[in-house]
Structures are given as structure tokens and as C-alpha cells.
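In UniProt numbering, the protein residues as written are 1 to 116. The beta-carbon is built from N, C-alpha and C at its ideal position, and this holds for glycine as well. Given the structure is predicted, the values throughout are model-derived calculations rather than measurements. Before any comments, here is the structure.
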């Protein structure tokens, strides 16, 4: 047990849309990721999707609505809702998902989640 410095963890990689697990919490992966550009529209059938913007800002596109999420704000997408995060400029985000949940909702298209 020791503190986890999220800025240090984010400094270990520069890729976008590439979540890295920094710890686990009650069978959930706690991850940091860099967003820039658009992620594909997708959904998670069985779990909500948690986003906490650490730095910068992102937009969460839903069917029929878009929401700007700024540093210090969080957004939860309910399970089964089609969504797409995007960011014009790079932003840093903390994600919480059940351990092993594919980031695209589909194991065939999901990014690996390395532990750092």
C-alpha cells in the first residue's frame, strides 16, 4: 500500500486511447488514459462507464446529446447507452471499469490494459 501519483503514471506513456491500469479496487480496474481525437461510438451492455477528467476537457457524445466534461468533473454513462468520448486537445482521464471489461465493449476490438 502506497500513494499512486497519477501524473507520474501518465508520464510513462504518450499514446492516446490506450488505458493503463494503475491499481485495482473491489474487482475494478482503475486506469489512466490520454484522449485526443475521437473514440468510436460503442456501448457496454452490463456495466456503467466512469470518466473523471484530470486535465483538459473532453466531450461525451450520446445519442442526441453532447456534454463537455472539464478538469475536475466526472461523467457516468449508464450501461447500454451508446456513447463516444472525444477531445480536440489532449486530455487526461481516470477510468474505472470492472476488471477485464473491454474498453470498446467488444473483446475483439478492445485495447490491451497494461499495468503500470
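(request) Provide the residue(s) that pair with residue 92 in DSSP beta bridges, ordered along the chain. (result) The sequence position of residue 92 within the chain shown is 92, counting from 1. Beta-bridge pairing links residue 92 to 34, 55.
(message) Considering only their Cβ atoms, is the gap separating residue 50 from residue 74 smaller than 8 Å?
(response) Working through the chain shown from its first residue, we reach residue 74 at position 74. Working through the chain shown from its first residue, we reach residue 50 at position 50. A contact, by the Cβ cut-off of 8 Å.
(request) Give me the Cα-Cα distance between residue 124 and residue 4, rounded to the nearest whole angstrom. (result) Residue 124 is absent from the model: the chain starts at 1 and stops at 116.
(message) For residue 41, count the other beta carbons within 10 Å of its own beta carbon; 16 or more makes it buried, fewer makes it exposed. Which is it?
(response) For this step, residue 41 is matched to residue 41 along the chain shown. The residue is exposed, with fewer than 16 neighbouring Cβ atoms inside 10 Å.
(message) What does DSSP give as the partner residue(s) for residue 69 in the beta ladder?
(response) Indexing the chain shown from 1 puts residue 69 at position 69. For residue 69, the beta-bridge partners assigned by DSSP are 58.
(message) What would DSSP say about residue 101, mapped onto helix, strand or coil?
(response) Numbered from its first residue, the chain shown carries residue 101 at position 101. Three-state DSSP puts residue 101 in coil, outside helix and strand.
(message) So, with DSSP's three-state summary, where would you put residue 10?
(response) Counting from 1 along the chain shown, the entry for residue 10 is found at position 10. When secondary structure is reduced to three states using DSSP, residue 10 falls in the helix class.
(request) Provide the residue span of the beta strand (DSSP E) that contains residue 74, from first to last. (result) Sequence index remark: in the chain shown, residue 74 carries index 74 (1-based). Residue range 74-77 is occupied by the beta strand (DSSP E) that includes residue 74.
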